[in-house]
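Student: Numbering (the UniProt record's numbering), first residue to last: 1 to 300.
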Amino acid sequence: MSSCEKEVKKIGSKLEKLIEAKQNDEALELLGVLAKQPITVLVLTNTRIGVTVNELRKKSSDEKFAKRAKALVKEWKSMFEGGDAKSSPKHDKPKEKEVVKSAPATTSAPTPTAPPIAKPPAEKASFSGNFPPDELAGDEIRIKACELLLTSLKCKPLPEGTHDPEELAIKIEAKLFDSNGKNSSEKYKAALRSRVFNLKKNDALRENVLTAVVSAEKFAVMTSNDMASDEVKKLREKFAQDAIRDAQVSVQQGTPSEMFKCGKCQKKNCTYTQLQTRSADEPMTTFVFCLECGNRWKFC
1 MSSCEKEVKK IGSKLEKLIE AKQNDEALEL LGVLAKQPIT VLVLTNTRIG VTVNELRKKS
61 SDEKFAKRAK ALVKEWKSMF EGGDAKSSPK HDKPKEKEVV KSAPATTSAP TPTAPPIAKP
121 PAEKASFSGN FPPDELAGDE IRIKACELLL TSLKCKPLPE GTHDPEELAI KIEAKLFDSN
181 GKNSSEKYKA ALRSRVFNLK KNDALRENVL TAVVSAEKFA VMTSNDMASD EVKKLREKFA
241 QDAIRDAQVS VQQGTPSEMF KCGKCQKKNC TYTQLQTRSA DEPMTTFVFC LECGNRWKFC
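1. Given L34, which residues of its chain have a CB within under 6 Å of its CB, disregarding the five upstream and five downstream residues?
2. Kindly indicate which three-state DSSP category S257 falls into: helix, strand or coil?
3. Would F289 and R278 be called neighbours here (beta carbons separated by less than 8 Å)?
4. In angstroms with no decimal places, state the Cα-to-Cα distance between C155 and K218.
5. Using the C-alpha atoms, what's the distance from N225 back to K233?
6. Would you call T52 buried or exposed, if buried means 16 or more other Cβ atoms sit within 10 Å of its Cβ?
7. Compute the Euclidean distance between the alpha carbons of V213 and D203, then round it to the nearest angstrom.
8. Beta-carbon within less than 6 Å of N54's beta-carbon, same chain only, minus the 5 sequence neighbours each way: which residues are those?
9. Would you mind working out which of T47, S2, S60, K36 sits nearest I19, comparing C-alpha positions?
10. Do the segment 173–180 and the segment 140–155 meet, that is, are 3 or more Cβ pairs less than 8 Å apart?
11. Could you say which of D164, T271, F177 lies nearest to K144 if we only look at CA atoms?
12. Would you grab the beta carbon distance between K14 and L31 for me? Rounded to a whole angstrom, and I think it's under 8 Å.
13. Mind checking who L291 pairs with in its DSSP beta bridge?
14. Taking the alpha-carbon of P283 as reference, which of L291, K298, E167, V221 has the nearest alpha-carbon?
15. With burial defined as no fewer than 16 other Cβ atoms inside 10 Å of the residue's Cβ, what is the status of V209: buried or exposed?
16. Among the residues of its own chain, which have a CB less than 7 Å from the CB of V43, if the five just before and after it don't count?
17. Would you mind reading off the limits of the alpha helix (DSSP H) that contains P45?
18. Taking the C-alpha atoms as reference points, what is the distance between N180 and L192?
19. Give a single yes or no on whether P132 has its beta carbon closer than 7 Å to a heavy atom of the ligand ADP.
20. Look up E275 in the DSSP assignment and say whether it is helix, strand or coil.
21. Could you tell me which residues DSSP puts in a beta bridge with K175?
22. Is DSSP giving F197 helix, strand or coil here?
23. Would you mind working out which of E292, Q241, V196 sits nearest A228, comparing C-alpha positions?
24. Who does T285 pair with in a DSSP beta bridge?
25. Assign R57 to buried or exposed, taking buried as 16 or more other Cβ atoms, counted over all protein chains shown, within 10 Å of its Cβ.
26. In the DSSP assignment, find the unbroken alpha helix (DSSP H) run with K6 in it and report its ends.
27. For P38 versus S194, is the C-beta distance shorter than 8 Å?
28. Could you name the residues of the same chain whose beta carbon sits closer than 6 Å to that of L291, not counting the 5 residues immediately before and after it, in chain order?
29. Considering Cα atoms alone, identify which of A137, I49, T273, P159 is closest to E75.
30. Whose CA, out of F239, M259, A27, lies closest to the CA of A66?
31. Please identify the residue among D281, L168, V221 whose C-alpha is closest to the C-alpha of T47.
32. Look at T286 and Y272 and say whether their C-beta atoms are less than 8 Å apart.
Shown next as structure tokens:
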């Protein structure tokens with residue numbers, strides 16, 4: 001399971017708890033974080049997050065949450081339906097050629113109507129003569145990776161003190177390739193997608209890379225948590241604090257049991273409480289409190 005899938009599952013589990021507790025504002029905020037994840041068709045299939053969000057939309061009494069959830073599910077559905085869109089431009093090309101070929105025939109008999117105007121070709125990204133580098137000649141995957149990184153670096157106006165974006169893109173791709181087994185594996189492609197996504201979504205990170213506050217080599221090996229925006233980091237910290245507070249509930253209110261033997265006083269006069277402190281598919285954590293000596297311990 002990829003890091004993105006784990007994060008999406010974790011968010012889905014947290015959303016279920018927030019909706020159940022009717023904490024609508026926090027649920028809406030968390031839904032916004034979910035929308036920023038680099039979700040692909042594979043992630044949607046493996047995590048079934050679309051089904052989860054749609055069910056929570058029906059359960060929620062908050063109009064804002066329901067509206068946002070509906071829009072997000074619709075956006076994900078379009079990812080499944082957009083597979084044939086790439087082939088459509090190919091059908092337009094013969095029509096353009098027909099317009100050009102028919103032009104000489106119209107010159108012999110001028111008509112009052114203006115000749116049809118062919119659609120201009122789609123604008124292509126312009127690169128310098130040194131980009132992509134010659135050593136990548138013939139390797140279409142790595143060339144495309146360099147182009148995607150460069151486009152992400154230049155997706156917005158460049159800040160003052162920017163280093164050469166083309167050189168940065170080449171260095172980032174080279175380090176990605178070296179650190180992922182020196183082959184264009186799925187791991188390499190996943191790491192590439194993560195960096196392209198974060199460059200577009202995190203303006204501060206993008207500026208730091210462009211101005212070499214964060215070197216190209218370091219950026220290539222950063223974790224998803226390292227690349228996260230301050231907003232996402234604060235929310236993750238909040239989740240951690242929530243888990244700590246859940247773990248610190250009064251264990252005296254737990255269930256009395258003689259199943260557990262205290263390692264300190266060797267008595268079996270204990271109470272226990274079970275909490276979900278990790279992701280939904282992980283075992284629950286059991287917190288035990290000895291009523292004899294006050295010793296506490298936990299296990300999964």
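Just so it is clear, CB atoms sit at the ideal spot from N, CA and C, and this is done for glycine as well.
Tutor: Once the coordinates are examined:
1. I11
2. strand
3. no
4. 21 Å
5. 7 Å
6. buried
7. 13 Å
8. V73
9. S60
10. yes
11. F177
12. Actually they do not touch by this definition, with Cβ atoms about 10 Å apart.
13. Bridge partners of L291: none, in fact.
14. K298
15. buried
16. C4, E5, V8
17. In the sequence as displayed, the identity of residue 45 is Thr instead of Pro. First-last of the alpha helix (DSSP H) with T45: 41–47.
18. 10 Å
19. No copy of the ligand ADP appears in this structure; indeed no ligand is present at all.
20. According to the sequence shown, residue 275 is Leu rather than Glu. Here L275 sits in strand by DSSP.
21. DSSP, once it has assigned bridges, lists no residue as partnering K175.
22. helix
23. V196
24. L275
25. buried
26. 3–20
27. yes
28. N269
29. I49
30. A27
31. D281
32. yes
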